[in-house]
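For the sequence shown, the working numbering gives the first residue as 7, with consecutive numbering after it. Backbone N, C-alpha and C fix where the C-beta goes; we use that ideal spot for every residue, glycine too. Reviewing the structure listed below.
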Amino acid sequence: MDRFKRSLTGYYNYYCITDNTQNVNNFKDKIQYLLFKWLNRRSQRKSFTWGKYRLFLDKYPLPSPRIKVNIYDLRKEISYIL
C-alpha cells in the first residue's frame with residue numbers, strides 16, 4: 007500500500023496545478039473504484055462491500071490532491087521576461 011501511495015503522490019505532484027484540480031479529483035475517484043475492484047478479486051467471493059471499503063479507507067486513507075504549482079503566481083514572477 008505504501009508503494010501505491012507514493013505513486014499516487016507522485017501523480018499529484020506532477021499534475022496538480024491551477025485549473026487542473028477537477029481532473030485530478032476525477033482521477034482519485036477512479037483510483038478508489040479500481041482499488042475496490044482489485045481488492046474484491048483476491049478470492050472467489052466478494053471481500054468488500056462498499057460499507058466495509060469505506061471503513062478500510064478511513065483506516066488507510068489515500069493521499070488527497072493539493073495544488074502544488076499556482077501558474078498565476080509564476081506568470082507574475084516571469085512577467086519581466088515576457
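Expected contact under 8 Å - CB spacing of residue i and residue j to nearest Å
i, j, result
"P1", "K43", "The requested residue 1 does not occur in the structure, where the chain is confined to residues 7 to 88."
"Y18", "P69", "7 Å"
Sheet register partners of residue i (DSSP bridge)
i, result
"V75", "I23"
Start and end residues, alpha helix (DSSP H) containing residue i
i, result
"R60", "56 to 65"
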